[in-house]
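Input: a single structure, listed below in structure tokens.
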Amino acid sequence: MFGQFFQTIFQADFLFIIIRITAPILFAALAAVISEKAGVANIGLEGMMMITALFGFLFAYWTQSWVVGVLGAMFVGILLGLMMGFFSFKLKTDIILSGIAVNMLGTGGTIFLLYMFTGLRGNTGALVSPNILIPTIDIPLINKIPILGDILSGHAILTYLAFIFVFVMRTFLYRTPLGLKIRAVGENPNAASSVGVSVIRMKYIAIAMSGALAGLGGAFMSMYYSQGWNQGMVAGRGFIALAAQAMGRGEPVGAMFSSLLFGLAQAMKTKVSGLRGMASYNYLIEMIPYVVTIIGLVFYAVSIKRKARRHQLRPIKEKLQ
Amino acid sequence: MRDKRMVLFGFVRGAAAIALALAVGTIFIFLSSDEPFTALKYLLIGPFVSFHGGVTAFNTQNFYQVLAAMIPTIFTGLAVCVMFSANQFNLAAEGCVLVGGFVGALVGIYVNMATGWHAVICVLAATVVCGLIMLIPSILKVKLGASEMVTSLMLNFVLLYIVLHFLNYHFADRSKGATMTYPFLDSAKISSIVPGNSKLTWGFVIALVISFVIWVFMYRTRWGYAIRMIGINESFSLYSGMNVGGTIVLSSVIGGMLSGMGGSLEVLGRYNTFVWRELPGYGWTGVTIAILAKNNPGLVPLAAFFLAYLNKGCQLMSTHSDVPSEMIDIIQAAIFLFFAAEQFLSGYRQKLVVKTTREELMRAESLKATEGE
Numbered sequence: 253m254f255g256q257f258f259q260t261i262f263q264a265d266f267l268f269i270i271i272r273i274t275a276p277i278l279f280a281a282l283a284a285v286i287s288e289k290a291g292v293a294n295i296g297l298e299g300m301m302m303i304t305a306l307f308g309f310l311f312a313y314w315t316q317s318w319v320v321g322v323l324g325a326m327f328v329g330i331l332l333g334l335m336m337g338f339f340s341f342k343l344k345t346d347i348i349l350s351g352i353a354v355n356m357l358g359t360g361g362t363i364f365l366l367y368m369f370t371g372l373r374g375n376t377g378a379l380v381s382p383n384i385l386i387p388t389i390d391i392p393l394i395n396k397i398p399i400l401g402d403i404l405s406g407h408a409i410l411t412y413l414a415f416i417f418v419f420v421m422r423t424f425l426y427r428t429p430l431g432l433k434i435r436a437v438g439e440n441p442n443a444a445s446s447v448g449v450s451v452i453r454m455k456y457i458a459i460a461m462s463g464a465l466a467g468l469g470g471a472f473m474s475m476y477y478s479q480g481w482n483q484g485m486v487a488g489r490g491f492i493a494l495a496a497q498a499m500g501r502g503e504p505v506g507a508m509f510s511s512l513l514f515g516l517a518q519a520m521k522t523k524v525s526g527l528r529g530m531a532s533y534n535y536l537i538e539m540i541p542y543v544v545t546i547i548g549l550v551f552y553a554v555s556i557k558r559k560a561r562r563h564q565l566r567p568i569k570e571k572l573q
Numbered sequence: 011m012r013d014k015r016m017v018l019f020g021f022v023r024g025a026a027a028i029a030l031a032l033a034v035g036t037i038f039i040f041l042s043s044d045e046p047f048t049a050l051k052y053l054l055i056g057p058f059v060s061f062h063g064g065v066t067a068f069n070t071q072n073f074y075q076v077l078a079a080m081i082p083t084i085f086t087g088l089a090v091c092v093m094f095s096a097n098q099f100n101l102a103a104e105g106c107v108l109v110g111g112f113v114g115a116l117v118g119i120y121v122n123m124a125t126g127w128h129a130v131i132c133v134l135a136a137t138v139v140c141g142l143i144m145l146i147p148s149i150l151k152v153k154l155g156a157s158e159m160v161t162s163l164m165l166n167f168v169l170l171y172i173v174l175h176f177l178n179y180h181f182a183d184r185s186k187g188a189t190m191t192y193p194f195l196d197s198a199k200i201s202s203i204v205p206g207n208s209k210l211t212w213g214f215v216i217a218l219v220i221s222f223v224i225w226v227f228m229y230r231t232r233w234g235y236a237i238r239m240i241g242i243n244e245s246f247s248l249y250s251g252m253n254v255g256g257t258i259v260l261s262s263v264i265g266g267m268l269s270g271m272g273g274s275l276e277v278l279g280r281y282n283t284f285v286w287r288e289l290p291g292y293g294w295t296g297v298t299i300a301i302l303a304k305n306n307p308g309l310v311p312l313a314a315f316f317l318a319y320l321n322k323g324c325q326l327m328s329t330h331s332d333v334p335s336e337m338i339d340i341i342q343a344a345i346f347l348f349f350a351a352e353q354f355l356s357g358y359r360q361k362l363v364v365k366t367t368r369e370e371l372m373r374a375e376s377l378k379a380t381e382g383e
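As they're listed, the protein sequences go chains A and B.
Take the numbering used here: the last position of the first sequence gets the number 573, and nothing is skipped along the way.
Take the numbering used here: the last position of the second sequence gets the number 383, and nothing is skipped along the way.
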């Protein structure tokens, strides 16, 4: 069984699948990173992805253009972010609670909205057509390289965008004035405000950007990954992204690596369940990504704790020497 | 004077939040429906009034069904109250309800006891198991600082798949078309307190009693005080020598126990076999209830009643008109947002405070004047 297992894993298409599965998680993880940098815990990502996935698909269907769909999803994401911001920064709802409210809208509200706009219940299978799905592209030159080409070429445009955004985000946060302000607000709002940075405004900007990124993730889900919107499609990816953000220490590149880890776990899930003799463990295999998340969080928490302890001990050690 | 006004303000504020949320719902009904007035009629008064044959009358069966629907949500509401009071955003009540129901069902099927104690044992087993499950996120939080919110969310999925695994491959009754367990023994079932098919069982009475018990626990014992104190100011509690870690674990375990109890009472009271194939959603309703009740266990049954009524109204609306029952999630989210908003109507509150203070000052001055004479 293990021989068979390794055979399936060391194949180009397995790595291809990992990248494909990672992309939506990565978008959501980046969304978590940007809001967390401003000190805003956005647990509404799950609901945001559900809602933007629906609207992205609907916009694409109405205009028969995937570009409009993706932009529409980002727009709706921004609106949701601003709504959360309004309730949390202006009306002082706990940010976690406004996140839960958005998740509520994501589970039931989307079904209602889908029915309201199209008269369909539960999924949009009937509306799918090729020109509203996000196209894949072959990268010239790279697709000629034997194995690497199979892994890296032929992904959807948004997949590449997700990985490009990791570095865009890093540059934005660490090389631009706006990024600096956002980080300052997250680290010490009072200090930031004392030098004239508008804390509320930075938080609004961060959560709107977070919404836009969640919108990209949602659009990716409904317009490429599952080729249509259906209930329960996001399946906890928004929550997994929160874990990826935490495990990646809140940094874009770290979040990318932990997203890849979850992508790997998810891809293993699909691969392992296809093996012979594993059929009666399919539910336990479903569990893998979530268990990996918990374990990842534990490792992360332990490492943080160690680090903190070392910092506390250092001055004492220095004194002793 | 001041207290009375603030209580009044609380009511006005709550009513305004609900009215706003219903207004949002109404807008959506008018946008989506061809027969908005029928839809509204069933949503708002449908649960209590029957319109059969043009005669309007009080609908006893529907009323019982609304009360029956409160059984699991009172428990999850209490669970979330206790955990949120300690500032623990632990959302694993959802998974615990499922596991509680499953464990209760298994004990009800496989442990053979002839006496009336059987149902009690089922519920207790579920309670204990779910209390133990809650040790996972709470100990990870206390010992390692891992976010209880993220671990509990992941835990929900883990619990779901564990239950599905055992349900499908170990305890399924293969003679049935759908995946379900064997039927519970009769001695394990929770019996109804009213005739008819409403499923209003003794679980309802237990839920009310437990609400009172949890209220006493939270407001009249030192452990409850510790839990609330940690929620108000964790650093202060730590510096004043409270066992913060232990209390956080305690609050989570109590939350798990309550959810497990609710899940088992619901399953043993409502069904003949275990049929849940996905997370039942009562944990999330519990969060809304805790917000409506302002984390006060005494108000939980009231909040649970309100949501059960609304839910029933939405169901009736979807059967009798063209509006889908998922409408409830939109209304619920709106109520949730406005209720939890501290600054909602803060201008009005400010005015009330100013007015009260002015009056007090005037009275003090007139008192001084009379003394001077």
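Glycine included, each C-beta is placed from N, C-alpha and C at the ideal position.
- A Cβ of chain B is located within less than 8 angstroms of the beta carbon of M368(A).
- Under the three-state reduction of DSSP, T304(A) is assigned to helix.
- By the neighbour-count criterion, in which a residue is buried when 16 or more other Cβ atoms sit within 10 angstroms of its Cβ, R272(A) is buried.
- Proximity of the segment 334-354 of chain A to the segment 294-308 of chain A meets the contact definition, three or more beta-carbon pairs being nearer than 8 angstroms.
- In the three-state scheme derived from DSSP, where H, G and I count as helix and E and B as strand, N282(B) is classed as coil.
- The segment 308-320 of chain B makes contact with the segment 205-222 of chain B, as at least three CB pairs between them are under 8 angstroms.
- Interface flag for A378(A) against chain B is unset, since no Cβ pair is found closer than 8 angstroms.
- When the beta-carbon positions are compared, S287(A) and A444(A) stay at least 8 angstroms from each other.
- A direct Cα-to-Cα measurement between A264(A) and M93(B) gives close to 47 angstroms.
- Within the DSSP secondary-structure output, A458(A) pairs in no beta bridge.
- Counting only residues of its own chain and dropping the five nearest sequence neighbours on each side, A519(A) has a CB closer than 7 angstroms to the CB of F266, I269, I270, I273.
- Listed along chain A, the residues sitting closer than 7 angstroms to M337(B) by beta-carbon distance are F364.
- C-alpha of L465(A) to C-alpha of M326(A): approximately 7 angstroms in a straight line.
- When the beta-carbon positions are compared, G469(A) and F338(A) stay at least 8 angstroms from each other.
- With a contact defined as Cβ atoms closer than 8 angstroms, L349(A) and V160(B) miss out at about 16 angstroms.
- In the structure shown, the three-state DSSP call for A290(A) is coil.
- Cβ neighbours of A67(B) within its own chain (closer than 6 angstroms, five residues either side excluded): S60.
- Restricting attention to A507(A), D402(A), G488(A), the CA atom closest to the CA of Q497(A) is found in A507(A).
- Residues of the segment 551-563 of chain A with a Cβ closer than 8 angstroms to any Cβ of chain B, in chain order: Y552, A553, V554, I556, K557.
- Within the segment 339-370 of chain B, the residues whose Cβ lies closer than 7 angstroms to some Cβ of chain A are D339, I340, Q342, A343, F346, L347, A350, A351, E352, Q353, F354, listed in chain order.
- When the alpha-carbon of L163(B) is set against those of I146(B), L154(B), D196(B), the nearest one is in I146(B).
- Within chain B, the residues V168 have their CB atoms less than 7 angstroms from the CB of V543(A), given in chain order.
- Among the residues facing chain B, T345(A) is included, as its CB has a counterpart in that chain under 8 angstroms away.
- The beta carbon of M93(B) does not come within 8 angstroms of any beta carbon belonging to chain A, so the residue lies off that interface.
- Note that the C-beta distance between S262(B) and S157(B) is not below 8 angstroms.
- Only M164, L165, F167, V168, Y171, I172, L174, H175, N178, Y179 from the segment 164-190 of chain B bring a Cβ to less than 8 angstroms from some Cβ of chain A.
- Rounded to the nearest angstrom, the gap between the Cα atoms of T36(B) and A300(B) is 25 angstroms.
- Residues of the segment 348-361 of chain A with a C-beta less than 7 angstroms from any C-beta of chain B: I348, L349, S350, I352, A353, M356, L357, T359, G360, G361, listed in chain order.
- Pairing L377(B) with T366(B), the inter-Cα distance amounts to about 17 angstroms.
- The beta carbon of Y535(A) falls within 8 angstroms of a beta carbon belonging to chain B, placing the residue at that interface.
- Straight-line measurement puts the Cα of R359(B) at about 47 angstroms from the Cα of A135(B).
- A303(B) sits in coil when the DSSP states are folded into three classes, being neither helix nor strand.
- At least one CB of chain A lies nearer than 8 angstroms to the CB of V297(B).
- Rounded to whole angstroms, the separation of the alpha carbons of M144(B) and K51(B) is 42 angstroms.
- Two segments are said to touch when three or more pairs of C-beta atoms, one from each, lie closer than 8 angstroms; by this definition the segment 300-310 of chain B touches the segment 87-106 of chain B.
- For V139(B), no Cβ of chain A is located within less than 8 angstroms of the residue's own Cβ.
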